[in-house]
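What follows is a set of notes on a single structure, which appears directly below.
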Amino acid sequence: MAELKGLSESRDLTRIERIGAHSHIRGLGLDSALEARAVSEGMVGQQSARKAAGLILQLIRDGKIAGRAILLAGQPGTGKTAIAMGLAKSLGQETPFATVSGSELFSLEMSKTEALTQAFRRSIGVRIKEEAEIIEGEVVELTIDRPAAAGGGASGSGQSSSASKTGKLTLKTSDMETVYDLGAKMIEALMKEKVQSGDVITLDKASGKVTKLGRSIGRSRDYDAIGPHTKFVRCPEGELQKRKEVVHCVTLHEIDVINSRTQGFLALFTGDTGEIRGEVRERIDTKVAEWREEGKAEIVPGVLFIDEVHMLDIECFSFLNRALENDMAPILVIATNRGITTIRGTNYRSPHGIPADFLDRLLIISTQPYTEEEIRKILDIRCEEEDVEMSMDAKVLLTKIGAETSLRMILYSWPAPLYGPCIDERHEHLVSERTSTCRCHGTKT
Numbered sequence: 001m002a003e004l005k006g007l008s009e010s011r012d013l014t015r016i017e018r019i020g021a022h023s024h025i026r027g028l029g030l031d032s033a034l035e036a037r038a039v040s041e042g043m044v045g046q047q048s049a050r051k052a053a054g055l056i057l058q059l060i061r062d063g064k065i066a067g068r069a070i071l072l073a074g075q076p077g078t079g080k081t082a083i084a085m086g087l088a089k090s091l092g093q094e095t096p097f098a099t100v101s102g103s104e105l106f107s108l109e110m111s112k113t114e115a116l117t118q119a120f121r122r123s124i125g126v127r128i129k130e131e132a133e134i135i136e137g138e139v140v141e142l143t144i145d146r147p148a149a150a151g152g153g154a155s156g157s158g159q160s161s162s163a164s165k166t167g168k169l170t171l172k173t174s175d176m177e178t179v180y181d182l183g184a185k186m187i188e189a190l191m192k193e194k195v196q197s198g199d200v201i202t203l204d205k206a207s208g209k210v211t212k213l214g215r216s217i218g219r220s221r222d223y224d225a226i227g228p229h230t231k232f233v234r235c236p237e238g239e240l241q242k243r244k245e246v247v248h249c250v251t252l253h254e255i256d257v258i259n260s261r262t263q264g265f266l267a268l269f270t271g272d273t274g275e276i277r278g279e280v281r282e283r284i285d286t287k288v289a290e291w292r293e294e295g296k297a298e299i300v301p302g303v304l305f306i307d308e309v310h311m312l313d314i315e316c317f318s319f320l321n322r323a324l325e326n327d328m329a330p331i332l333v334i335a336t337n338r339g340i341t342t343i344r345g346t347n348y349r350s351p352h353g354i355p356a357d358f359l360d361r362l363l364i365i366s367t368q369p370y371t372e373e374e375i376r377k378i379l380d381i382r383c384e385e386e387d388v389e390m391s392m393d394a395k396v397l398l399t400k401i402g403a404e405t406s407l408r409m410i411l412y413s414w415p416a417p418l419y420g421p422c423i424d425e426r427h428e429h430l431v432s433e434r435t436s437t438c439r440c441h442g443t444k445t
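Each residue of the sequence shown is one higher than the one before, starting from 1 at the first, in UniProt numbering.
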């Protein structure tokens, strides 16, 4: 009999999505011709800026642009960060997207250049290809032996009943059938996936991961009623053991952290990465270059978004000038709401607080203030996102305040508890009174 042991257990983690300032954005809201819709995917207005971002998105997907820099410039509250978030959503999960603020780079724990280097490396992905041995077949029979717990003295055997489980798994294809001996971890993995006779499964021999592909078509008549999520697949053909190409997507920064110290993978969760030596990065770059020549890996240039870029000083801009000339540089997207202002670290004034030599590298996308109608639509989207019912009078008043001040003020000045009484008509005067108070405090002088 063949022997199969699970070496590790793979757990699926459920991600909890919380409501944030841009959690309602699902993309740039473009059609197939890269024309911006008025309201789509959480985006409202800014058609010209979204169309320009869509052209950049298409160039990134086609791999025709790398090491370029884009500047999003506009007044506060005109949707610059929203466009960057929409670009990230449109790129998908496989393209790395890193977001930092200009003030995050100044820390006592690491230098400015190290923080920028780590941000750049987080924005560069490596798609690594490897062949894995898998076992794919239809479950004919699954038997689990649970021996009686050993009695005796207080010392005992030191093993739990789950660790002493053994079993046998019979798998078949259209050409062959084999019985496998199971260890305790593999039994737990099969029980976790609720594998039963008639299921078509895949077993990874290296990691012990169990994947249920569906129910065999030959077992479709076993039950009179089945759930809507049941998927029927054909019984696999050929050999049970196969070699399958598996693709892993990681960033250069993750490889740096893992190789920087003993048990460096723990730093990925704690965030305590510290400064990484240049020798480590050189060795990793050399190894990645070898993988690229052998066809085992390919580079995926991502996007680095730096918000409030006017907070950077002249040294950071000098570093960015050199970093963008690297052959593995990501797309750099920066945003600022400043006009003519002083460059930090100097006495010179320039547009957006950016040096002239770096400004020449930028493709500038400008944003315009929202109209009252667009502010009203954004309010409706945010009310739906936060599950808040708001009276018509409150929406009209908030729209007027947003047109006089900024969109950011009205979005951050109405938490759900404040406008909860809007559901009841008897409390609408309370909403208007509180909103007027917010308006008095936020009016510009």
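Every residue gets a Cβ at the ideal spot worked out from N, C-alpha and C, and that includes glycine.
Computed from a predicted model, the values in this text were never measured in an experiment.
Measure from the alpha carbon of residue i to the alpha carbon of each residue in the options, then state which is nearest.
i	options	result
F317	L71, K296, I354	I354
A289	M328, G278, E279, S40	M328
E254	V280, P236, H229	V280
F305	L30, R61, G345, R68	R68
H229	P236, K212, E237	K212
R338	Q93, V309, L324, K194	V309
E294	I128, L91, G54, F358	I128
F358	I340, T336, L320	L320
S260	C249, E282, E245	E282
D285	R121, S32, Q58	R121
G278	L312, R322, T117	T117
G27	L59, G92, I56, G63	G92
C249	A297, S207, W291	A297
V247	E193, V126, I334	V126
A335	S107, P351, K185, E94	P351
Counting C-beta neighbours from all protein chains within 10 Å, is the total for residue i 16 or more, i.e. buried, or is it exposed?
i	result
F232	exposed
K209	buried
Y348	exposed
Q159	With a pLDDT of 48 at Q159, under the threshold of 50, the modelled position of this residue cannot be trusted; read the value that follows with caution. Counting Cβ neighbours within 10 Å, Q159 comes out exposed, since fewer than 16 surround it.
Y370	buried
S101	exposed
K287	exposed
D204	buried
I90	Correcting the residue identity first, residue 90 is Ser in this sequence and not Ile. Answer is buried; the Cβ neighbour count reaches 16.
G218	exposed
Y180	buried
G152	In this predicted model, G152 has a pLDDT of only 47, less than 50, meaning its place in the structure is not dependable enough to derive any value.
S406	buried
I340	exposed
E136	buried
Y60	For clarity, residue 60 is Ile in the given sequence; the question names Tyr instead. Flag for I60 reads buried.
residue 451	The structure shown does not extend to residue 451, since the chain is modelled only from 1 to 445, so the question has no answer here.
Under 7 Å Cβ to Cβ from residue i, same chain only, skipping five residues before and after it: list those, please.
i	result
T399	E372, I375, R376, L379
I423	Per-residue confidence for I423 stands at a pLDDT of 40, beneath the threshold of 50, marking its modelled position as unreliable; the derived number appears in the next sentence. Result list for I423: E389, in chain order.
H24	G42, I381, R382, E385
G214	V200, K231, F232, V233
I364	L71, A73
I124	P96, T251, L252, I299, P301, G302, M328, P330
A119	A98, V100, L304
What residues in its chain sit with their C-beta under 8 Å from that of residue i, if we drop five residues either side in the sequence?
i	result
R243	E131, A132, E133, I134
D222	G198
T367	Q46, A49, L72, A73, G74, Q75, T78, G79, K80, I83
K51	L30, L34, E35, A36
G314	In the sequence as presented, Gly is not what sits at residue 314; that position holds Ile. Only I343, R344, G345, T346, P355 meet the Cβ criterion.
M176	E239, L240
E104	A115
S216	E138, G198, D199, V200, F232, V233, R234, C235
L55	L34
By DSSP's criteria, residue i is part of a beta bridge. Which residues make up the other side?
i	result
G353	DSSP lists no partner for G353.
L72	A335, I365
V396	DSSP, once it has assigned bridges, lists no residue as partnering V396.
F232	R215
C249	R127
F97	V303
residue 526	With the chain represented from 1 up to 445, any question about residue 526 goes unanswered, as that position is not in the structure.
M43	S40
A329	DSSP lists no partner for A329.
D145	T166
R344	D313
L203	I135, V210
L30	A36
Short of 6 Å in beta carbon distance, which residues of its chain neighbour residue i, apart from the five on each side in sequence? Order them along the chain.
i	result
A88	F97
H22	A82, M85
S174	C235, E237
L332	A69, L304
R361	A69
I410	L398, I401, G402
For chain C, check one thing: does any of its Cβ atoms lie closer than 7 Å to the Cβ of residue i?
i	result
M186	Looking at the structure shown, chain C is missing, and only one protein chain is on hand.
Contact between the stretch 33-50 and the stretch 79-98 (3+ Cβ pairs under 8 Å) = Output reads yes: the stretch 79-98 touches the stretch 33-50.
Any contact of the stretch 165-174 with the stretch 110-119, i.e. 3+ C-beta pairs under 8 Å?
-> By the C-beta criterion, the stretch 165-174 is judged not to be in contact with the stretch 110-119, since fewer than 3 inter-stretch pairs fall below 8 Å.
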